[in-house]
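Position in the sequence shown (from 1) plus 125 gives the number in my numbering.
A short worksheet on the structure shown next.
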Amino acid sequence: MVHVAESKKKIVKEFSDLINSYPVIGVVDMENLPTAQLQKMRRQLRDNVLIKMTKRRLINLILDNTKEKKKGIEEMKNYLTGMPALLFTQNDSFILAKTLKKSMSTAPAKPGQVALIVSAGPTPFSPGPVISELASAGIKTAIENGKIVVKSDAVVVKKGEKVSSAIAGILTRLGVEPMEVGLNLTAVYDNGTIFKRDVLDVDEEEFMSKIKTAYNSALGLALELSFLTKETTEIMITKAFREAKAIALSQNIVADGIKEEIMAKANREMLALKSKLNIPDAPKEEVKEEVKKEEQKAEVKAEKPEEKAKSDDTKEKPKEEKKEVKDEVIGKVEEVKEVEETLKEEKVPSAAEPAEKTEKKEEIKKEEFKTKENQDQKN
126 MVHVAESKKK
136 IVKEFSDLIN
146 SYPVIGVVDM
156 ENLPTAQLQK
166 MRRQLRDNVL
176 IKMTKRRLIN
186 LILDNTKEKK
196 KGIEEMKNYL
206 TGMPALLFTQ
216 NDSFILAKTL
226 KKSMSTAPAK
236 PGQVALIVSA
246 GPTPFSPGPV
256 ISELASAGIK
266 TAIENGKIVV
276 KSDAVVVKKG
286 EKVSSAIAGI
296 LTRLGVEPME
306 VGLNLTAVYD
316 NGTIFKRDVL
326 DVDEEEFMSK
336 IKTAYNSALG
346 LALELSFLTK
356 ETTEIMITKA
366 FREAKAIALS
376 QNIVADGIKE
386 EIMAKANREM
396 LALKSKLNIP
406 DAPKEEVKEE
416 VKKEEQKAEV
426 KAEKPEEKAK
436 SDDTKEKPKE
446 EKKEVKDEVI
456 GKVEEVKEVE
466 ETLKEEKVPS
476 AAEPAEKTEK
486 KEEIKKEEFK
496 TKENQDQKN
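Following this line, the structure appears as C-alpha cells:
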C-alpha cells in the first residue's frame, strides 16, 4: 500500500474544489517566466484570475478526479506542456485570453531561448573591443558621431535555434529585449468546451472588420431584395422618395415637394432655348412700358360695378328724353287737328274763313318750331 503525504492530499482536494467551483479553467505554460514578471502578473490579475501551480503528475490526478462533475475536463491533460499551471476565473474564455495577452512584457534573452532580430540603429557603446564581439554575432557596425551604430537589421539566431551564452550577453549589453514573457495560455475549458490557443488568439481589429463587412453585405442584400427590417426600413423609404422625385422631375409633374425644382428646371430650359435661338434681352425701358400698359388694362377691366351702372344710366337718359319730346309733338298735332275739325263744323263767313285758317297754320308752325328748338337743346 502506497503512502500519500497529507500535503499532496490537501493539494488535490484544493484543486478539485476550485475546478468544481469555477466555470472556466485554463492551462498555461510558465517555462522561462522570470520570478519578477510572475509576481507582477499575479498582482495585475488577482481581482479576476486565480493562478495555482503544482506538479504535472498531481494535475493529471486532479483532472481525473473531477471528470465526473466536469465532463471532458480530462482532455486538458493533452495541453500540459513545459511548466504547467492552472488558471481559475469567472470571465469568458476569450476575455481571459485577452487579459493574459495584455499582461505580456519584454525580457532579455537567456541562453537556451529563441531570439528574434537586432534592429538597425545607434548603440550606447564607444569604439572598442565590443566591435569585434558584435561582428562575431553577425552584426554589422559603423562609427558615427563617436558611437557604434548597427548599420542594418541582423538575424542573430535563426528560427528554431537557441540563443548561446555569448549572444545572450551581447543582446543584454545592447539593451535588446527580444523575448516576450508572460503566461503562455495553451487551452481553456469553458463549460464543457475546450478552446485551443489558436482559437483564443483573436485579432480584435481584424475580427471587427469582418463583422462590419458581414453587416454591410447583409444590409446590401436586404435592400436589393426590398426586405423590411429595423435597419433597412428608413433607408428604403428614403430611396423610394428619391426615385419618386426623380420620376416627377423627369415628367414635369408638379407636387409640393418639387415645385421649386420644377420652376428652376423650366427657367434653365428657357435660358437654354433663348441662347440657342440667339434672342436678345429686351431693353429695360421697353419692359417697363409693357408692364405699365398691362397694369392700365387690368385697371380698366377691374372697373367698379357702380360706375359701370352709372354709365349705363347715362346712355339710357337721351333715349328717354327723345321719347318724351316725340310724345309732346304728337299731342300738339292732335290738338291742331281738333281745331281744324271744329272750324269746319262752325258756320263762319266765307270772307273771314281764309284769315282764320292762316292764323291757325301760323300758330301750328310756331309750336312745331318751339318743339324742335327744345329738342335740339336737350340733345
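For glycine and all other residues, C-beta sits at the position ideal for the given N, C-alpha and C.
Looking at the backbone, the Cα of Lys418 and that of Pro405 are separated by about 22 angstroms. Annotation: Gln215 to Leu325 spans about 16 angstroms, alpha carbon to alpha carbon. Per DSSP, the beta bridge partners of Leu211 are Val152, Lys177. In the structure shown, Asp172 adopts coil according to DSSP, grouped into three states. Within the DSSP bridge table, the entry for Thr338 names no partner.
In the same chain as Leu350, and ignoring 5 residues on each side of it, no C-beta atom comes closer than 6 angstroms to its own.
Met155 and Glu193 have their C-alpha atoms roughly 28 angstroms apart. When the beta-carbon positions are compared, Val153 and Leu212 come within less than 8 angstroms of each other. With 16 or more neighbouring CB atoms inside 10 Å of its own CB, Lys195 falls in the buried class.
Cβ atoms of Tyr314 and Ile150 come within 8 angstroms of each other, at about 5 angstroms. The DSSP-derived three-state label of Glu269 is strand. Annotation: Tyr340 to Ile187 spans about 45 angstroms, alpha carbon to alpha carbon.
The three-state secondary structure of Thr191, taken from DSSP, is coil. Using a Cβ distance threshold of 8 angstroms, Leu344 and Glu331 do not count as a contacting pair. Ala365 has its alpha-carbon roughly 28 angstroms from the corresponding atom of Ile336.
Taking C-beta atoms as the reference points, Gly307 and Leu225 count as a pair closer than 8 angstroms. Under the 10 Å beta carbon count, Phe352 is surrounded by fewer than 16 other beta carbons and is classified as exposed. Boundaries of the alpha helix (DSSP H) harbouring Phe366: 358-375, taken from the DSSP string.
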